[in-house]
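Each remark here refers to the structure printed beneath this line.
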Amino acid sequence: MKKKFKLEFRKNRCKGCELCAAACPKHLLAIDKSEVNQGGYHPIGITDQEACIGCASCAVMCPDGVINIYEVE
Ligand code: SF4
Ligand code: SF4
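Under this note's numbering, the residues of the sequence shown are numbered 14 to 86, in order.
Okay, structure coming up:
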């Protein structure tokens, strides 16, 4: 069975730099303009969780440790 992954964001740490978005081979990460975090930034979000392949490129790229990736059932 195909593995599934879930991303968890520490949204209040996000500075909206989009380095993670640039690193995603599936182009799944985008700034969420509907939200403003404690730092006054629009934080990153995932557009299609089902399409994530769990490569962790985004988490590795983030300078602020915002992204955690979990394998789910
Ligand atoms: S784990 Fe990989 S596929 Fe999933 S959002 Fe991050 S960079 Fe994209
Ligand atoms: S999650 Fe990290 S790399 Fe992505 S926009 Fe936020 S601070 Fe930048």
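Glycine included, each C-beta is placed from N, C-alpha and C at the ideal position.
- Rounded to the nearest angstrom, the gap between the Cα atoms of GLY67 and PHE18 is 6 Å.
- Taking non-hydrogen atoms of ligand 1 into account, the C-beta of LYS15 is found less than 6 Å away from none of them.
- Relative to ligand 1, SER70 has its C-beta within less than 6 Å of a heavy atom.
- In the three-state DSSP reduction, VAL73 falls in the helix class (H, G or I).
- For GLU84, the three-state secondary structure derived from DSSP is strand.
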